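Please read the structure below before turning to the comments.
There are 2 protein chains.
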Amino acid sequence: MNIEKKRYIIFLYSLFLMNFVIFVIFTGENEMEILKQRILKDGVVKEGNVLKVDKFLNHQMDVKLFNDIGEEFARRFAGLGVNKILTIEASGIGIACIAAQHFNNCPIIFAKKTLSQNLDGQMYITQVKSYTKGVTYDVMVSKKYLGKGDKVLIIDDFLANGCALMGLIHIVEQSGADLVGAGIVIEKGFQVGGQTIRDMGIKLESLAIIDSMDDGKIVFRD
Amino acid sequence: MNIEKKRYIIFLYSLFLMNFVIFVIFTGENEMEILKQRILKDGVVKEGNVLKVDKFLNHQMDVKLFNDIGEEFARRFAGLGVNKILTIEASGIGIACIAAQHFNNCPIIFAKKTLSQNLDGQMYITQVKSYTKGVTYDVMVSKKYLGKGDKVLIIDDFLANGCALMGLIHIVEQSGADLVGAGIVIEKGFQVGGQTIRDMGIKLESLAIIDSMDDGKIVFRD
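Read top to bottom, the protein sequences are chains A and B.
Those letters in the first sequence? Residues 0 to 221, by numbering that gives the first Met the number 0.
Those letters in the second sequence? Residues 0 to 221, by numbering that gives the first Met the number 0.
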C-alpha cells in the first residue's frame, strides 16, 4: 500500500470517528431537546406560574416520550446500582413504570396519599403539603417493599417547592435504604425545591429546568 | 426420492406443525397462567373479601408482568382499531402505560378523582363511589383529549362492583367516542360488576376471574 492510500484511509477513518462522536453528543442532548420542544409546543402557562402539560405528561400521557425520558434517566444514573424506583401517585406512576424498563425492569413503588383499607398498618408515613390542591396529605409506603439493601431512585413529573420530593426522601431515610438520587421531568427553577434538594448533597437530575414563565414565555436553564 | 423417505419427511413435518400449534395455544394461555400463579403466590386474602395484591400490582409494581398483561390485552383486542386508552388514577395508570406500548404507543388518559386547580373547566364529569375507601368521587377527563373518532379501550386493575368502570364508560359516552371494550387484570367474579357490564353488551376481558375466596382459598373461573 502506498503512502497516499494510507493517508486517505486514515483521513476517512478520522472523519467517521468525528461523525460518531458528534452523533453520540447530539443524541444525548437530543433527549432533553425533544422534551423542551414538547413543553414549548404543548405546554400552557396559566396565571400564578402554573404550567399545564396535561396534553402529554400528567393527564393525557405519551409513552413514546416517556421512553425517551426513561432512557435519559438510565444514562444519568448509570452504574449506580439502582434496584428500586419510588414515585408518588398519581402523575409520577406512568413515567416511573416506563422508566423502570430502562433499569432492568426493577420494581416500582408508588407512595399512596391517603389511608386506604387495602393497606395494613405496617407503613412508613410522612406528611406532604400540596400547594396545587391546598391540602396536606399523609404519604405512605409499605415497610414490606422498601428497606436496607435497596438502592432507590425517586422519579416524579414535577419539582417546584419540593414538598413531595422531600416527603419521598424522608420515607427512604426511614426505611434504611440508600438514596441514589432523584430524576425529575420538569423543574420550576424559580421555586426553592431544586436548590434545597441539591444543597442536601442529593444527586438531582431534572430533564428540563424552567427559569421563568413571565408573560407566558417559558425560558429554560441551559 | 423413494416413498419411505417421503413418508418420513411428511411425518417430521406433521410433528413440527403439531408442536407449533401446541406452542401457540400454550403461549396464549400462559399469559393468564403467569398472572394466576402470581396471584396465588403473592396475593393475600383479608377479611371482607379483600384481596391484597400490593406486592406486584397496585403498590409495588412489576413491569415485566405488566408487559405480559399488555401483550395479552393487545391479543384480545386485536384488529379493533384501539387508538386511545382510558384508565383511572392511581393503580390503573402503570398497567395502562405499559399496555399502550402494545397498542402502537397510543395516548393514555387517566381520569382524575378530585378537582385540581391544574385542570380547567372543560371536563367530562361523573360520580364514582369507592367501596374500599367509603367515599364518592367526582371523576373527570378533559374534553380536549377524548371525543368523536376515538376508539377507546378502558384498562383498570380491579373490577368488583363495577362503579369505577361504569364511571369511565359514562365518560366515554359523554365524549361521543366509540367504546371498544374494557380490559381488567383481576375481576371478582362473585361481585356484580362483571355481569352488569357484560349484560350491557360491552366486550369485557378480565385476565383472571376469581369466583370465590372463602377461607382464604382463591378459586379461579376456568
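Every residue, glycine too, gets a C-beta built ideally from N, C-alpha and C.
Fair warning: this is a prediction, and the values are worked out from it, not measured in the lab.
{"Check": "Start-to-end residues for the beta strand (DSSP E) that takes in Gly-215 of chain B", "Outcome": "Taken as a continuous stretch (DSSP letters only), Gly-215 of chain B belongs to no beta strand (DSSP E), as it is neither H nor E."}
{"Check": "Nearest-angstrom Cα separation, counted from Gly-161 of chain B out to Val-44 of chain A", "Outcome": "37 angstroms"}
{"Check": "Cα-Cα separation, Thr-113 of chain B to Leu-79 of chain B", "Outcome": "32 angstroms"}
{"Check": "Cβ neighbours of Asn-57 of chain B in the same chain (closer than 6 angstroms, five flanking residues each side left out)", "Outcome": "Ser-90 and Asp-156"}
{"Check": "Beta-carbon proximity list for Phe-65 of chain A, same chain, < 8 angstroms, skipping 5 on both sides", "Outcome": "Gly-93, Ile-94, Ile-97 and Ala-98"}
{"Check": "Assigned secondary structure, Val-171 of chain A (DSSP; H/G/I helix, E/B strand, else coil)", "Outcome": "helix"}
{"Check": "Where the segment 67-91 of chain A meets chain B: residues whose CB sits under 7 angstroms from a CB there", "Outcome": "Glu-88 and Ala-89"}
{"Check": "N-terminal and C-terminal residue of the beta strand (DSSP E) that Glu-71 of chain B is part of", "Outcome": "Careful: Glu-71 of chain B lies outside any beta strand (DSSP E), inside the alpha helix (DSSP H) at 62-75."}
{"Check": "Whole-angstrom C-beta distance between Ser-211 of chain A and Val-158 of chain A, which should lie under 8 angstroms", "Outcome": "First, the amino acid is wrong: residue 158 of chain A is Leu here, not Val. Contact doesn't hold; Cβ gap of about 16 angstroms is too wide."}
{"Check": "DSSP state of Leu-56 of chain A mapped onto helix, strand, coil", "Outcome": "coil"}
{"Check": "Distance CB(Ile-242 of chain B)-CB(Gln-59 of chain A) smaller than 7 angstroms", "Outcome": "In this structure chain B extends from 0 to 221, so residue 242 of chain B is not present and cannot be described."}
{"Check": "For Thr-125 of chain B, the first and last residue of its enclosing beta strand (DSSP E)", "Outcome": "122-129"}
{"Check": "Test: Lys-147 of chain A CB closer than 7 angstroms to a CB of chain B", "Outcome": "no"}
{"Check": "Burial state of Gln-61 of chain A, where buried means 16 or more other Cβ atoms lie within 10 Å", "Outcome": "The residue asked about is misnamed: residue 61 of chain A is Asp in this sequence, not Gln. Buried, because 16 or more other Cβ atoms sit within 10 Å of the Cβ of Asp-61 of chain A."}
{"Check": "Selected residue, minimal CA-CA separation from Met-122 of chain B, among B:Ile-217, B:Val-140 and B:Leu-14", "Outcome": "B:Val-140"}
{"Check": "Residues from the segment 188-221 of chain A in contact with chain B, defined by Cβ distance under 7 angstroms", "Outcome": "none"}
{"Check": "Cβ neighbour criterion (16 or more within 10 Å) applied to Ile-9 of chain A", "Outcome": "exposed"}
{"Check": "Ile-217 of chain A versus A:Arg-37, A:Leu-11 and A:Phe-15, residue with shortest Cα-Cα distance", "Outcome": "A:Arg-37"}
{"Check": "8 angstroms Cβ cut-off: residues of chain A touching Lys-111 of chain B", "Outcome": "His-58 and Ala-89"}
{"Check": "When B:Leu-50, B:Asn-18 and B:Met-17 are compared against Asp-214 of chain B, the one with the closest alpha-carbon", "Outcome": "B:Leu-50"}
{"Check": "Through-space distance from Glu-172 of chain A to Leu-145 of chain A, alpha-carbon basis", "Outcome": "10 angstroms"}
{"Check": "Rounded C-alpha distance that separates Phe-76 of chain A from Ile-196 of chain A", "Outcome": "17 angstroms"}
{"Check": "Residues of the segment 132-166 of chain A whose Cβ lies closer than 7 angstroms to any Cβ of chain B, in chain order", "Outcome": "Lys-132, Ser-141 and Tyr-144"}
{"Check": "7 angstroms Cβ cutoff, Lys-63 of chain B in contact with chain A", "Outcome": "yes"}
{"Check": "Beta-bridge pairing of Ile-153 of chain A - partner residues as DSSP gives them", "Outcome": "A:Leu-85 and A:Ala-181"}
{"Check": "Collapsed DSSP secondary structure at Met-139 of chain A in the structure displayed", "Outcome": "strand"}
{"Check": "Beta-carbon neighbours of Ala-99 of chain B, restricted to chain A and to distances below 7 angstroms", "Outcome": "Val-62"}
{"Check": "Which residues DSSP lists as bridging Val-44 of chain A, in chain order", "Outcome": "A:Leu-50"}
{"Check": "Three-state secondary structure assigned by DSSP to Ser-205 of chain B", "Outcome": "strand"}
{"Check": "Whole-angstrom distance between Thr-86 of chain B and His-101 of chain B, CA atom to CA atom", "Outcome": "16 angstroms"}
{"Check": "Opposing strand residues paired with Leu-158 of chain B [DSSP bridges]", "Outcome": "B:Glu-186"}
{"Check": "Residue-level contact to chain A via CB, Gly-182 of chain B, 7 angstroms cutoff", "Outcome": "no"}
{"Check": "Residue-level contact to chain A via CB, Gly-93 of chain B, 7 angstroms cutoff", "Outcome": "yes"}
{"Check": "Given Glu-71 of chain A as reference, the closest of A:Ile-154, A:Asp-198 and A:Gly-192 once Cα atoms are compared", "Outcome": "A:Ile-154"}
{"Check": "Per-residue DSSP class, three states only, for Phe-102 of chain B", "Outcome": "coil"}
{"Check": "Distance between Leu-39 of chain B and Ile-209 of chain B (C-alpha atoms, nearest Å)", "Outcome": "11 angstroms"}
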